[in-house]
Amino acid sequence: MPIKFPFSRRAAPSDAWTKCPACDAQVFNKQLERTSRLCPECGHHFRMSVGERIDLLLDPNSFEERDAGLEAVDRLGFHDDRPYSHRLEASHVKTGLRDAVVWGIGHIEGQRVAIGIFDFRFMGGSMGAVVGEKLARC
8 MPIKFPFSRR AAPSDAWTKC PACDAQVFNK QLERTSRLCP ECGHHFRMSV
58 GERIDLLLDP NSFEERDAGL EAVDRLGFHD DRPYSHRLEA SHVKTGLRDA
108 VVWGIGHIEG QRVAIGIFDF RFMGGSMGAV VGEKLARC
């Protein structure tokens with residue numbers, strides 16, 4: 008006679024776990040948050056978005072982005088297998104960013120700091136004129 012459980016079984020949400028690309032361990036996402044996106048099994052560093060990095064480093068709600076309106080322009084009309092302007096737009100749609108770096112002013116333990124953060128998801132963190140301009144202003 009089969010055993011009847013007084014509760015129903017449900018599968019864990021598929022977004023609750025992340026597979027480490029280095030050691031194949033299944034890591035609970037809340038544990039990744041606690042370890043600053045470091046695999047507890049092998050020490051692999053997972054990528055972070057700009058927002059995740061800001062949340063990790065700066066005091067809560069202290070970040071003020073600067074020069075958010077600066078964006079790359081394809082002055083050379085560069086084209087390989089597709090136009091550079093199309094690559095820029097695809098990266099913007101994918102990340103919500105206008106370029107590979109975000110910079111601004113925030114606080115670390117109450118101390119005012121200027122911070123610039125690259126996001127590799129935007130064209131591999133390519134450094135163009137906008138990145139240079141933002142870092143020069145930082």
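In short: position in the sequence shown from 1, add 7, done, that's the numbering used here.
By construction, the Cβ of each residue, glycine as well, lies at the ideal position given by its N, Cα and C atoms.
Just so we're clear, the structure is a prediction, and the values are computed from it rather than from any experiment.
With DSSP as the reference, identify every bridge partner of residue i, one or two as the case may be.
i, result
"Thr25", "Val34"
"Arg73", "Trp110"
"Ile115", "Gln118"
"Gly123", "Trp110"
So, using beta-carbon positions, are residue i and residue j closer together than 7 Å?
i, j, result
"Gly131", "Cys145", "no"
"Val100", "Phe125", "no"
"Glu48", "Cys30", "yes"
"Ala75", "Gly135", "no"
Output the distance between the C-alpha atoms of residue i and residue j, rounded to the nearest integer angstrom.
i, j, result
"Lys141", "Glu71", "14 Å"
"Asp88", "Asp81", "15 Å"
"Trp110", "Asn36", "27 Å"
"Pro28", "Cys46", "10 Å"
"Asp66", "His86", "42 Å"
"Ser133", "Ser98", "11 Å"
"Val120", "Val138", "19 Å"
Across the segment 54–72 and the segment 81–100, are there enough close Cβ pairs to call them in contact, namely three or more that are closer than 8 Å? Touching, no.
For the structure I just gave you, are there three or more beta carbon pairs, one from the segment 32–51 and one from the segment 99–118, closer than 8 Å? Under the three-pair Cβ rule at 8 Å, the segment 32–51 does not count as touching the segment 99–118.
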